[in-house]
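Residue numbers (full-length UniProt numbering): 1 to 227. All C-beta atoms, glycine included, are put in the ideal place defined by N, C-alpha and C.
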Ligand code: ADP
Ligand code: ADP
């Protein structure tokens, strides 16, 4: 069971007079696939980064399964994050890229191998474990980035515009794969995009943001298919 609670979350960057996120309230259910949508600058990434612990929360309460996490360092949050620009290590093989976080956390070698091989199988990367990111397509790189998150078996999965560097055709294909992967790993997920179609196809619930605030929350059905 992994639920998350964001209560009256506010964020003000020190060098910015405006609030980047204001009075953000959201209760996320176990295994739920939440999508944040909204125009550039509306606070999607900032919210995600506060959940990951990569940005301080100015005020409010963030908890996972009822435990307050505001001051917990990122490595102790049991959260895996996939970035838009992949953030892969170019000099490392796919295997080592996927294994990196596990090595950092001192997992035993044979468990690392098993986890990487399992994730590679899910993502269709089994034949590519010895490649380096430079010799791969954008879609393959994005799979490696997801693999690096999946191997951790984290309770929470965060994705910040993971498909926005891919061409339209690949985006549609990867979207379907992300839905399948979510079914399979069942992690509570928050996915950030400015693409409404992505939001509608992937989300259990969509959070529509504007200027740092939540405008609407609902299922795709509730938000877009009103009679
Ligand atoms: P989105 O992900 O929806 O594009 P962001 O969360 O990146 O939005 O940004 C929300 C607001 O916070 C914007 O007005 C942006 O300019 C501001 N902002 C983002 N990062 C910083 C920062 N490091 N310092 C100051 N202001 C920032
Ligand atoms: P170290 O960081 O200790 O030098 P390596 O990164 O070379 O270790 O490898 C760690 C473990 O993962 C080793 O047991 C190695 O056999 C295994 N391994 C590395 N690359 C692959 C791969 N492409 N497929 C399967 N196992 C691999």
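The three-state secondary structure of residue 110, taken from DSSP, is helix. Annotation for residue 212 indicates a beta carbon within 8 angstroms of some heavy atom of ligand 1. Here DSSP, grouped into helix, strand and coil, assigns residue 20 to coil. Listed in chain order, the non-local C-beta contacts of residue 94 below 8 angstroms within the same chain comprise 120, 125, 128, 129, 130, 131, 132, 133, 136, 144, 147, local neighbours out to five positions each way being set aside.
Short of 8 angstroms from the beta carbon of residue 156, and not among the five residues preceding or following it, lie these beta carbons of its own chain, in chain order: 2, 4, 51, 64, 77, 78, 79, 80, 187, 188, 189, 190.
Between residue 48 and residue 170, the C-beta spacing is not below 9 angstroms.
Here the distance from the Cβ of residue 21 to the nearest heavy atom of ligand 1 is below 8 angstroms. In this structure, DSSP gives residue 98 a helical state, which the three-state scheme calls helix.
Around the beta carbon of residue 203, 16 or more other beta carbons lie within 10 angstroms, which makes this residue buried. The region 37 to 47 and the region 209 to 226 touch, with three or more beta-carbon pairs separated by less than 8 angstroms. In this structure residue 38 is buried. Its beta-carbon is surrounded by 16 or more other beta-carbon atoms within 10 angstroms. Excluding residues up to 5 positions away in sequence, 1, 2, 3, 188 lie with their Cβ nearer than 8 angstroms to the Cβ of residue 30 in the same chain. Counting other Cβ atoms within 10 Å of its Cβ, residue 40 stays below 16 and is therefore classed as exposed. Of the residues 185, 184, 213, 222, the one whose Cα lies closest to the Cα of residue 199 is 222.
Cβ neighbours of residue 12 within its own chain (closer than 8 angstroms, five residues either side excluded): 18, 19, 20, 58. Taking every residue with its beta carbon within less than 5 angstroms of a heavy atom belonging to ligand 1 gives, in chain order, 13, 16, 20, 40, 41, 42, 43, 44, 45, 46.
Distance from the CA atom of residue 22 to the CA atom of residue 113, rounded to whole angstroms, is 43 angstroms. For residue 191, the uninterrupted beta strand (DSSP E) run begins and ends at 188 to 192, by DSSP.
Between the alpha carbons of residue 71 and residue 89 lies a gap of roughly 28 angstroms. Beyond the five residues adjoining it in sequence on each side, residue 216 comes within less than 7 angstroms, by CB distance, of 208, 223 in the same chain, given in chain order.
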